[in-house]
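J.: Before I ask anything, let me first share the structure, which is written out below as structure tokens.
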Amino acid sequence: MQKLEQIYEGKAKKVFATEDPNLVIVSYKDDATALDGLKKGTIIGKGAINNRMTNNLMSRLEKAGIPTHFVEELSDRETVVKKVSIVPLEVIIRNISAGSFAKRYGVEEGILFDAPTIEFSYKNDDLHDPLLNEYHALALKLATKEEIDLIKTYAFKVNDLLKAYMKEIGIDLVDFKLEFGKTADGTIVLADEISPDTCRLWDEKTHDKLDKDRFRRDMGGAEEAYEEVMRRLMGDK
Ligand code: TMP
Ligand code: ASP
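For the sequence shown, position 196 matches number 185 in the numbering used here, and the numbering has no gaps at all.
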């Protein structure tokens, strides 16, 4: 599959056209941002890890009944995916308190919830991705009621599956962000990535952070943390 012109560049990935109007190639970068893009840096090797980890997890989710955009891994950093229009909602599932939840509600990090929570943000950089509920999403026509219901069903199922995959490798899945897209025929599929950029992953015994919080919070050791997750998940770097 040939890469044609670049059609989009985001904070962590570039997207290229292909000869097939229904397929695009994503190319993962080592660039890392946080605090709404204010903090910029590099996590060396992250692009290759996030590409391979996303593809590994999406293939397993697909087999378990979650439709995804994944088509074929081309190389360390590049993957063919279905062309979708992204539903402008960031879907966040939480199992344990951390990050903006702990801050917003004034609780410590690390409290295990009785049941997972779900929240949506409006994916809009100019507005700094404001939190919204389903009624707001409907009012703004970001998706239909049926699409939002399906997205919620998929998101909770992804949580059950991912939690189990992570537990197998000694990791607690604290929280994560998903994005969904619509293919040309209107099918809702899981899109974007599932990686230490988009999940909080804590070692189940030491509670060490194995994710992008090491970069967000200037803790050091981000590269090693990403490599550790990759090693546990795929038995190599
Ligand atoms: P939060 O606690 O900052 O709201 O983040 C919740 C989860 O969502 C965490 O796993 C990190 C992920 N996330 C993203 O992937 N992209 C983002 O822009 C933000 C704010 C969070
Ligand atoms: N990726 C987001 C940003 O650039 C935030 C984050 O992941 O913390 O601001």
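Here a beta-carbon is modelled for each residue, glycine too, at the ideal position from N, C-alpha and C.
Taking 7 angstroms as the cut-off, is the C-beta of Gly95 nearer than that to any heavy atom in the ligand TMP?
T.: Working through the sequence shown from its first residue, we reach residue 95 at position 106. False, no ligand heavy atom lies under 7 angstroms from that Cβ.
J.: By DSSP, does Thr57 sit in helix, in strand, or in coil?
T.: Walking along the sequence shown from the start, residue 57 turns up at place 68. Of the three classes helix, strand and coil, the one that applies to Thr57 here is strand, per DSSP.
J.: What alpha helix (DSSP H) runs, 4 residues minimum, are completely inside the segment 154 to 218?
T.: 202 to 205
J.: Exposed or buried, Thr176, counting other C-beta atoms within 10 Å across all chains shown (16 or more means buried)?
T.: Mapped onto the sequence shown, residue 176 falls at position 187. That one is exposed.
J.: Note down the Cα distance separating Glu79 from Phe109, rounded to an integer number of angstroms.
T.: Looking up residue 79 in the sequence shown gives position 90. Looking up residue 109 in the sequence shown gives position 120. C-alpha separation (whole angstroms): 5 angstroms.
J.: Got a sec: does the ligand ASP put a non-hydrogen atom nearer than 7 angstroms to the Cβ of Gly(-1)?
T.: Counting from 1 along the sequence shown, the entry for residue -1 is found at position 10. Because no heavy atom of the ligand ASP lies under 7 angstroms away, the Cβ of Gly(-1) does not count as near it: no.
J.: Judging by CA-CA distance, which residue of Leu12, Met155, Asp200 and Pro77 is the nearest neighbour of Leu127?
T.: In the sequence shown, residue 127 corresponds to position 138, counting from 1. Closest option to Leu127, Cα to Cα, is Pro77.
J.: Determine whether the beta carbon atoms of Leu150 and Ala53 lie at a separation below 8 angstroms.
T.: By 1-based counting over the sequence shown, the position of residue 150 is 161. By 1-based counting over the sequence shown, the position of residue 53 is 64. Contact: yes.
J.: Smallest Cα separation from Val218: which of Ser89, Ile38, Asn44 and Asn113?
T.: As a first step, residue 218 is located in the sequence shown; it is residue number 229 there, counting from the start. Looking at the Cα atoms, Ile38 is the closest of the given residues.
J.: Considering just the uninterrupted stretch of the alpha helix (DSSP H) at Glu238, what are its terminal residues?
T.: The structure shown does not extend to residue 238, since the chain spans only -10 to 226, so no value can be given for it.
J.: Can you check DSSP and say which residues form a bridge with Glu108?
T.: Here the question's residue 108 lines up with position 119 in the sequence shown. Answer is Ile81.
J.: Is Asp20 near the ligand TMP, going by C-beta to nearest heavy atom under 7 angstroms?
T.: Along the sequence shown, read from residue 1 onward, the residue named residue 20 stands at position 31. Asp20 Cβ: outside cutoff for every heavy atom of the ligand TMP.
J.: First and last residue of the beta strand (DSSP E) that includes Ala23?
T.: Taking the sequence shown and counting its residues from 1, one reaches residue 23 at position 34. Element bounds for Ala23: Asp20 to Ala23.
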